[in-house]
Amino acid sequence: MKMKKIIRIVLLLFVVGIAAVFGQRQDGAADGNSTARPLRIGYAQVREYSSFAQQILMMAKEFEAEGSIKAGFVEENYEGVDYDQSYRKGDTEKLWNAICDNMTDDRRYEFVRDVFFDMSAMEEKDYPEMIGRQDIDLMLVMGTSAGTYFKENEKKNKYMVLLAADPIASGIVKSETDPGDDRTFALLDTTSYKRQIEAGYKFLQFKKLGLVYEDSEAAYTYSAIDSIKEESEKLGFEIVVRHVDEPKSSKAKEQARYYRQLKQAYRELVDEGIDTLYITVSSIDYVNKLQELLEDSVVPAGIPTLAQDDVTPVQYGALFGVSLVDYSEQAYHVVSQIRSYHEDGTAFDKLDPICESTPKIFMNFKMAQTIDFPVSFENLQIIDAIYR
19 MKMKKIIRIV LLLFVVGIAA VFGQRQDGAA DGNSTARPLR IGYAQVREYS SFAQQILMMA
79 KEFEAEGSIK AGFVEENYEG VDYDQSYRKG DTEKLWNAIC DNMTDDRRYE FVRDVFFDMS
139 AMEEKDYPEM IGRQDIDLML VMGTSAGTYF KENEKKNKYM VLLAADPIAS GIVKSETDPG
199 DDRTFALLDT TSYKRQIEAG YKFLQFKKLG LVYEDSEAAY TYSAIDSIKE ESEKLGFEIV
259 VRHVDEPKSS KAKEQARYYR QLKQAYRELV DEGIDTLYIT VSSIDYVNKL QELLEDSVVP
319 AGIPTLAQDD VTPVQYGALF GVSLVDYSEQ AYHVVSQIRS YHEDGTAFDK LDPICESTPK
379 IFMNFKMAQT IDFPVSFENL QIIDAIYR
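This note's numbering puts the first residue of the sequence shown at 19, with every later residue one more than the last.
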């Protein structure tokens, strides 16, 4: 009898132990320490940018290789697609929905269709809909302002801030090694804007660089003004600044006010004798408005332009641009960190945020001809893409 009692106790302890382990697996899935169920991923962006869509597309490619997205999805539907060259309004949400519709049955990662937010299309009172959600485990957050909003307000879910100008200066993370809490990850490349200015200086040899940006802490950060000032001291060029107020809405009257201010600011910079205009990240509609802005005063004065915002401004009138990111490199790095968290159990605040991308150089050859800018054979050899 004594032996039977011992056996019953051992069996009971075994069953309890199995139940405890199973319970931990179910709970741990939400914390990223198990693959008992898919890690549910949502998305938020500060506004529409081609770079955001391109980054998501490259991440989809990585998740397809991992097995959560159906094989052939990217190749069959997006082969040769480069959103930096072909982006149209709404493309990011269309891509997101397509990914959501092509998840595999045994996926370890799930893009949630109904969790897609564009802050520029929302009223501020509705922003809280993005945070503290029960239907996701991780948010992908695109852009500096979106990142700062999540840093200040998201107290429940993990989130990864991508394509932010300077996550440290904006307070999204404390440093390269300290995110400040266990919910925040921000992809970091602390020298990207410095490399851009140095490449532009090598090509354009400017002595008096004109800048236009909003006189606000947010604009100061996402326009990387600290990096520009550091390069000014290092390379010995002067900075000339004008401020405008970014548009507060998409209403025609407000947009007209914004572009009037921009034109006036450009005219004043030209009158002050700048030899290059640095087109900082802003609300400019590159496709429909950039050429008009430049033709008002900058082009007639024969002044070269350097674009801060990658390739799209170069396609539509800026002379020269240097990419800040390699989307494939960043996608591989980000997805590897997500997998480390969800599959290997790496603590979220111990993930590696550093990813330095190889820069690419772009030039608008038609603009070079228009302003009689001399392009040497040596410079042509270092340019990755020429737009006409």
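Ideal Cβ positions, reconstructed from N, Cα and C, are used throughout, including at glycine.
- The alpha-carbon separation between PRO377 and PHE366 amounts to approximately 28 Å.
- Looking at TYR67, LEU324, TYR296, ASP328, the one whose alpha-carbon comes closest to that of LYS107 is TYR67.
- Shown here, TYR105 sits in coil according to DSSP, grouped into three states, outside any helix or strand.
- Contact annotation, ALA89 with GLU82: C-beta distance approximately 7 Å; criterion of less than 8 Å satisfied.
- Excluding sequence positions up to five before and after ALA283, its CB lies within less than 7 Å of the CB of VAL230, ARG260, VAL262, all in the same chain and listed in chain order.
- The C-alpha of VAL130 lies about 13 Å from the C-alpha of LYS112.
- Annotation for SER315: LYS281, TYR284, ARG285, VAL288 place their beta carbon closer than 8 Å to its own, counting only its chain and skipping 5 residues before and after.
- About 5 Å separates the Cβ atoms of LYS174 and GLY150, confirming a contact at the 8 Å cut-off.
- In this structure, THR294 and ILE321 form a Cβ contact; the two beta carbons are roughly 7 Å apart against a cut-off of 8 Å.
- Contact annotation: the stretch 367-374 touches the stretch 192-208, with at least three C-beta pairs closer than 8 Å.
- Excluding residues up to 5 positions away in sequence, PRO322, LEU337 lie with their Cβ nearer than 7 Å to the Cβ of PHE391 in the same chain.
- Per the C-alpha coordinates, the member of GLU248, LYS266, TYR96, ARG58 positioned closest to ILE215 is GLU248.
- For ASP136, the beta-bridge partners assigned by DSSP are GLN63.
- Considering only SER300, THR388, THR209, the residue with the shortest C-alpha distance to PRO265 is SER300.
- Inter-segment contact for the stretch 122-136 and the stretch 326-343 is absent: fewer than three beta-carbon pairs are separated by less than 8 Å.
- The three-state reading of DSSP puts VAL191 in coil, since its state is none of H, G, I, E or B.
- The beta carbon of GLN273 lies closer than 7 Å to those of PRO265 in the same chain, with the five residues before and after it left out.
- The alpha-carbon separation between PHE255 and LYS212 amounts to approximately 14 Å.
- MET76 is not bridged by DSSP to any residue.
- C-alpha of TYR96 to C-alpha of VAL340: approximately 25 Å in a straight line.
- Taking the Cα positions, ARG357 is about 40 Å away from SER250.
- Rounded to the nearest angstrom, the Cβ distance from LEU181 to SER69 is 6 Å, consistent with a contact under 8 Å.
- At a cut-off of 3 residues, the continuous stretches assigned as beta strand (DSSP E) that sit fully inside the stretch 171-258 are 176-180, 202-204, 226-231.
- The residues CYS373, GLU374, SER375, in chain order, have a CB closer than 7 Å to that of ASP207 in the same chain once the five nearest residues on each side in sequence are set aside.
- Beta-bridge partners of GLY98 (DSSP): none assigned.
- Distance from the CA atom of GLN279 to the CA atom of GLU80, rounded to whole angstroms, is 43 Å.
- Contact check for ALA204 against GLY228 fails: the beta carbons are separated by 9 Å or more.
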